[in-house]
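Residue numbers (my numbering), protein chains in the order written: chain A, 1 to 332; chain B, 1 to 381; chain C, 1 to 657; chain D, 1 to 354. Okay, structure first, notes after.
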Amino acid sequence: MLQYSIKRIVMAIPVVIFISFIVFYIIQLPPGDYVSSYSAQMTAAGEIMTQDDMDQMRANLGLDRPVYEQYAIWIKKIVFEGDFGYSFNYNKPVIDVVKQYMGLTLVVSIVTMLFQYLVAIPIGIYTAVKQYSAGDYFFSGLSFLGMATPNFLLAIILMYFSYTWFGDPLLGLFSDEYVNAAWSWDKVVDLLKHLVIPVIVIGLASTADLIRVMRGQMLDELNKPNVVTARSKGLSETKILFKYPTRAALNPIVSTFGWSLSSIFTGSTITAIVLNLPIQGPVMYKALLGQDMYLAGSWLLFMALLTVLGTLISDILLAWLDPKIRTEFRGN
Amino acid sequence: MRTLPIFKRAKTEAFLESAAKDINYSSQWKLIYMKFKRHKLARISLIVLGVLYFVALFAQFIAPYSLQSYDSKYVNAPPMTLRFVDADGKFHLRPFVYELKSARDPDTMRKIFVSDTEKRYALKWFVQGEEYKFLGMFKTKLHLFGVEQPGRLFMFGTDAMGRDMFSRIVLGSQISLSIPLVGVGISFVLGLIIGGISGYFGGWLDSIIQRIIEIIRSFPTLPLWMALSAAIPPRVPVVTMYLYIVIIFALIGWTDLARVVRGKFISLKNEDYVVAAKIAGVGNTKIIVKHLLPGFMSYLVVATTLAIPNMILSETAMSFLGLGIRSPATSWGVLLQEAQKVENVALYPWKLIPLGIVVLTVLAYNFLGDGLRDAADPYKK
Amino acid sequence: MKRSRGFMIALVSMVVFVTGCFGGNNAETSKESKAVESQKPKEAAVAPGEAGGGKEAPMLAELVKAGKLPPLEERLPVASDIMIEPVVEEIGQFGGDWNMSWKGPADKWGVGMINEEALFRFNKEGKAVEPNVAKGYEVNDDSTVFTIHLREGMKWSDGMPFTADDVLFYWEHMLTKETFGKKIYDAYYSVDPVTGDKALAEVKKVDDYTFTVTHKYPSVQFLERVAIDNKWFFAPAHFHKTILPEFVGDAKTLEITKQWGYEDPKQFLVETGYYFWLHPEIPTLAAWVAKTDANSEQFVMERNPYYWKTDSEGNQLPYMDRIIENQIQDPSQQLLGTLAGKYNFATFDTANFTVLKENEKKGDFRVIPWTQPTWSSAGVQLNQTTKDPNLSKLFQDIRFREALSIGVNRQVVTDIVTSGLGEPIQASVPEGVIGYQEGWAQHWAEFEPERANQLLDEIGLTKRDKNNFRMFPDGSDLTLTVFESDTNKSAFLELLKKYYEDMGLKMNVKMVEGGALFDLKYANEVPIHTENISVANVAFRPDTMVPLRIITPWFGHYGLYTQSGGTEGVKPEGDVAAILDNWNKIKASKSKEEIDQLANEIYKLHMKNQWVIGYAGPTPMLLVASNKLRNIPEGLVWADEYRTVGHAHPAQFFLKQ
Amino acid sequence: MTTQTAQAACKADDGQPLLSVQDLKIRIQMDNGVMQAVDGVDFEIKKGKTLGLVGESGCGKSLTSRAIIGINPKECETTGVIKYDLASEGSASDPIDLLSLDPKGKRIRSIRGNKIAMIFQEPMTAFSPMYTIGNQMVEMIRIHRTKNKKEAKKIALEMLGKVGISDQEKRFDQYPHEFSGGMRQRAMIAMALSCNPELLIADEPTTALDVTIQAQVLELMQSLQREFGMAILLVTHDLGIIAEMCDEVAVMYLGKIVEQAPVREIFYNPKHPYTKGLLKSMPRLGGEKSVRLDSIEGSVPMPIDMPPMCGFYERCTDRIEGVCNARSVPKTRISDDHSVRCFLYSDQQRGEAQ
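Here is the structure:
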């Protein structure tokens, strides 16, 4: 197992290097650079940006150098100094920007994830055990509805209803008075209140997906002969349900955890924009649009790393959860 | 009558299935069909999808108006009610609508619409309207239904430019229901072939393919699309551009399927019957086509039907990011993106009708996939 | 050093605290007499010291009590130099937050303009400037020497005195050294009427509160142009001396740059020297000063305890304690937040008019429309120098522009695009704004499709392709490509496409991202763009109407020609050359009348040529304010030159309890 | 333990049936009607004896065997009486009706695995791949015999040894996939016998195994039966196994027992055409291997809404038109221990049939 993991990690290194290059190249691909995007914004606000101003700015930011040179400098700094570069937009080192948003991003993602698993797995089991019952149809319908409604629209609708019913559209993650306040019990409550809509909106689609997967897996497992064997042994139904089909059905779900690793750190971009959530997704989206390239680049690189790592984790998890593969490694 | 060698069946499957199987010996596909027929929701879904695709095919004929029938008089008009009883209490067999009169509220500038009960327009079949090309072949002015000029029929109300929402939904279905199929088709073929190769042959080929998949999965798609949409010259119509985007989407999106296919191939290739075939000297292609593919064809069918609604939804997301279709070309994504404004939710809720249609379509596809899944499941009766 | 100063302040305030306590009770009784006195500002201005705590915000009074702040009269300029800000409705009450939404630090100007103190600011009508930071000025007869007086005893927000040295410092060590990424502004150059040579002004200190600006040639509009180009003709010398390399050396500046979290010293100096109001560390003269990092979710600005304006009763402004800018990511959040009363002030364009109006009662706010000096709310600019020679020849043909203008039904466009708030008129200067011309609004404004087609035929666009679109006489493809980055324009562009194509002119829309569009403009790759012209007075700000540099789509590379001094770009001819000619005369002009007359010529040339075609008249800017937020004037002009909301003098806004 | 089994072995001779199935009917609701999967099955198993239930796949033999301990899916509507003698519990006089017990209840669960154990045809799928063999064995022992983990493991190891698995300690911690097919089935048997059941239901226990292993497993079962004195219900389609293992045979066709007799009777004096057909298709010992086996012509009809007739009618070579396809076939007693359902033998009891 260890050997396998090491082998996989070693193989991931050239992949990551290649990805870093691609990432940097692609970020440069859309026309214009940070300075033109910045100048366009400032001009729209009434400021006059002349060619000279822009040239000067490009020189200040090192954007006048050829792409490969910029890439080399960037990578060199990452590797040797752990410095991921500088965000033009925030006037801060990239690391600081990422840090600024990481806390709340993790809160949103983890709460959403908990919501997903806590809701989806029991419902998945229920709908499989009671296949074709009224409850099955109800939950299936609900989960499909969640799947079918585009996030951004659902977000707007929920915000509007929250406004008409409670007088507060619950924008962002905190009420105004708590944004800059120190952490307190009230602030936590306020955060939880504001988390309801994001969790529903972000979580619904994947919850629906999870319910379907869980239901399908359970249906497969429930009809396996080992369930009959277990029954013939005199086990109680509950024990059978949880020890045999549920445990087996959870395997693929647990192993997909690795896949969602990168999304935990981003949060849902579109939903976050609509709901005004101060998390990584929109920050990175803005960075991409505004060609704040070191921020965007470092972030994309980070995401790529997580994807590679996530795949690795998924594979290892899958191997570890499947005795067949696990014992093979033990054999080695 | 066919011969049934009773002692040759070394393996019997789960008892219930065997109870049915030997008694009524049918092919796998026939069985799936039979089981599918029993899934009521899936059957209804199939009918719903049939209707939707039929409407999409004859969209220009079914839609009373075109995509460019802007009319400043009827901006943001609510859906009209089809009436049978007129203002005098008289019953009419043929449903009709009243003429809409509009004026702006001087304070809020909102368009106020009042039915003019003096003027009735009966709903008619096969009326003359705007000219279009029927199935892209010949020109005609005939529309399935409508009311006579100058009357207007807005069954789902109008948008901010005075266009009939019903017509836009109908015409938008052409893009929304067709382009996703292209994307799914490409992903499907790529995922199947590459995943199959990776899983069947294994070894260094598998390693390389897996690394390539990892690279593709971590591709930054957003800047890629931004670059693409900037690079495409303005003369390329938006629909074509969107098609390109979907193709790129598919070129990236096949990796998921490929991984599943690979997994299935790996587990199937060690099954006795495949090993037996290999020992017997059957060629690789034949093994794959004859022995491996049927083993999870059902899974593929299901995965595909479930991928289509995802594609439809991702189109709406692309429209949100400004990378999708742009009006006057219309897709459901465009309509949803237009609806995504507080003022529409607050004042003109009928603009959310397209959401209902998208939900319906996605539901139909999902239930269809679900039905297929249940039907293809050999353990299910 | 800093610590000892703090100690001094504490000592002084201890003394004042005692006196303040005694004066407190008189505040109520003295109020009425003060109202009468307000006619004579000087006496009123003396009052705060006497009235004690009642004349300053409670939060400051507390600080004074606690000894953390010197008493009010020590913070204000000398009585005679206090600026009395007239209130719009009534004398206000202290306290409360001014809650708004903003798009984050990218929207620097959004928060900058409303909280800006210029040396001279535009008056209510916008026709002339009035003293603001400056107390007053004198100018000699030929408009070459401007003597500007500052306010004695006026202080920066950190309590350090503001003097002519700060002006001189700014001039000598920042502006002329170009430390903050901007070239020396045009306003500081005077032009030789004969040769057109430019000469840089000289700035000299007379005494602590007086300085002179001396031009080589007459510069009639100097003050107005400073009010636009370089609102703040000063900088806190005591602060900038601690960061500028000239004073601390390059190494130290680099160190400070890193300390502040910046990467590049030059960029750091741009940020601190130009966008100073976003940094809590930098003292300003503004009513509110930054308290938090602008990148945080809430950008908070707090009242400047040394603010140098009072109301007519001697209450130190601003009335409101804080500005709170809540970061939003999507415009819909501003709308929802406003409806829900989360923000007590916001500005909207007309698209949201109906939903705002319908919720006025429920949301307890009011919609205040301000006019905009915009020529149109939907229109196109035809790039006269576009790359394709066939196309530029066509665009330069006045008949083609007329055809494009009359081939579109403005009634329909206006109704759909402006929700009925605009007029179906030509792009023209609105009535009441400088440059207004009789009949301009109706110029080529009728919908005459037959005549439009006839004109196009006359030009020679008679050949048609297989889709029945017109081709150039040489048989090449004729496509009008509109570049756009604003998705809100899509409805208009759709209508435009319909009408243009009805005329047989193929039209494509290319959506590009803002930055990319900016680059394309510079590269002269944009044949048609939908930018609207909005200018309060061409004589103050010529950039959109006179081809001086590349910025406005219609004149394209004519601008590059002027900017490069004739080495690059396209040489302006005909009426465009005439416009430049007039502008050069304005720059060298000796009298305001002459300038007005020349400016009018420029407007007339625009009316005649209609390089900018408008299809829907201008719409108002909507200010939405909570009913509690008072003193917001109605019917002002919303213009960048007047600093948008800043024109309403927000220091005197207040929250009515 | 040994005394208990000895007792059971003793009682085997006194003629009291351990299990008695009467008029067992299983109906399954299908889309196109009700399938009568098992239609009035009667049989008895005496203590220590082996009953073979033979028939083609889908004849309902598996359903019948599973119905005994109530582990059919809930779609199976089961009626009839399944009497089980709980003599060891000291209520010898009053056998209980297993069918009347709640299939999810405690009572039946205490019988499953404990009194009546079952082994299945595919040990690979019958074991869960997720847990070790040891885990799955101990689980059962801990329900019925001892709560103590260590003791349970000891019993399991002992049982593994008994079924001929060497290196038990290691095997105990292995997963099913690490066992060979025969080994798995041995483990299955070890598990089934670990609670000393009185009745072992073996549902095609050797079908999935190759011939040599088959023989070993059968031998194992026989020797264990001798040791523990349990009764066996052997469900199979293989007459060879029947011949080797059983005392009595019941031949099932289309949900009905068409012929029932001691094993010798069936092989030397088959009555029902179906039984005859089966025997013909059986490879003869010493017969030529290359000769293709006979098979019975025709396919089995679906027992859905069947009219009263003989289910074998269409495939029967000896059918009587107008009789076999016109009424349901009554049971005919040929001798004391031989009965058959066929009109060919029912002349003398025609009155009864009508």
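We treat Cβ as the ideally placed atom computed from N, Cα and C, and that holds for glycine.
- The C-alpha of ASN91 of chain A lies about 22 Å from the C-alpha of ALA72 of chain A.
- Excluding the 5 residues flanking it on each side, LEU123 of chain B has same chain C-beta neighbours closer than 8 Å at LEU82, ARG94, PRO95, PHE96, VAL97, PHE145, GLY146, VAL147, LEU153, in chain order.
- A contact between stretches requires three or more CB pairs, one per stretch, nearer than 8 Å, and the region 267-281 of chain C fails this requirement with the region 84-92 of chain C.
- Closest option to VAL167 of chain C, judged by alpha-carbon separation, among C:PRO305, C:PHE233, C:SER534: C:PHE233.
- The Cβ-Cβ distance between LEU655 of chain C and GLY96 of chain C falls below 7 Å.
- As a beta-bridge residue in DSSP terms, VAL251 of chain D pairs with D:VAL54, D:GLU259.
- Checking the DSSP bridge columns, you'll see GLY33 of chain D partnered with D:MET30.
- Distance from the CA of PHE249 of chain B to the CA of HIS237 of chain D, rounded to the nearest whole angstrom, comes to 55 Å.
- Interface flag for ASN180 of chain A against chain D is unset, since no Cβ pair is found closer than 7 Å.
- In the three-state reduction of the DSSP assignment, HIS149 of chain C falls in the strand class.
- GLY216 of chain A sits in a helix when the DSSP states are folded into three classes.
- Contacts with chain B at 7 Å (Cβ-Cβ) do not include PRO198 of chain A.
- The bridge partners DSSP lists for GLY240 of chain D come to none.
- Apart from the 5 residues on each side of it in sequence, PRO123 of chain D sits with its Cβ closer than 6 Å to the Cβ of ARG184, GLN185, MET188 in its chain, given in chain order.
- Bridge partners of MET83 of chain C according to DSSP: C:LYS309.
- Scanning chain D for C-beta atoms nearer than 9 Å to the C-beta of ALA248 of chain A yields SER128, PRO129, MET130, reported in chain order.
- For GLY614 of chain C, the enclosing beta strand (DSSP E) begins and ends at 612-616.
- In this structure, PRO262 of chain D places its C-beta atom within 7 Å of the C-beta atom of ASP337 of chain D.
- Residues of chain A with a Cβ closer than 8 Å to the Cβ of PHE518 of chain C are, in chain order, GLY32, SER36, SER37, SER39, ALA40, THR43.
- In terms of CA proximity to ILE550 of chain C, C:THR385 leads the group C:THR530, C:THR385, C:GLY574.
- By the Cβ test, the region 173-180 of chain B is in contact with the region 304-320 of chain B, since at least three Cβ pairs between them sit closer than 8 Å.
- Looking at the backbone, the Cα of ARG58 of chain A and that of ALA57 of chain C are separated by about 45 Å.
- In terms of CA proximity to GLN214 of chain D, D:GLY240 leads the group D:GLY240, D:VAL323, D:MET130.
- C-alpha of PRO73 of chain D to C-alpha of ILE125 of chain A: approximately 18 Å in a straight line.
- Residue contact with chain C for GLN149 of chain B: absent (no Cβ-Cβ distance below 7 Å to any residue of chain C).
- The closest CA to that of THR266 of chain A, considering only A:ALA148, A:PHE138, A:MET102, is found on A:MET102.
- Distance from the Cα of GLU219 of chain D is smallest, within the candidate group D:GLU244, D:GLU158, D:ASN269, D:LEU86, for D:GLU244.
- Residues of the region 152-172 of chain B with a Cβ closer than 9 Å to any Cβ of chain A: none.
- The Cβ of ALA287 of chain A sits no closer than 7 Å to any Cβ of chain B.
- Of the candidates A:ALA134, A:ALA155, A:ILE27, A:PRO169, the residue whose Cα lies closest to the Cα of TYR285 of chain A is A:ILE27.
- The beta carbon of THR112 of chain A sits no closer than 7 Å to any beta carbon of chain D.
- Rounded to whole angstroms, the Cβ separation of PRO527 of chain C and THR567 of chain C is 24 Å, and the two are not in contact under 8 Å.
- Straight across, the Cα-Cα distance linking CYS195 of chain D with ARG171 of chain D is about 20 Å.
- Pairing TYR307 of chain C with ASN123 of chain C, the inter-Cα distance amounts to about 20 Å.
- Secondary structure note for SER128 of chain D: it is in no beta strand (DSSP E), with a DSSP letter that is neither H nor E.
- Counting along the chain, GLN298 of chain C sits inside the beta strand (DSSP E) bounded by residues 298-303.
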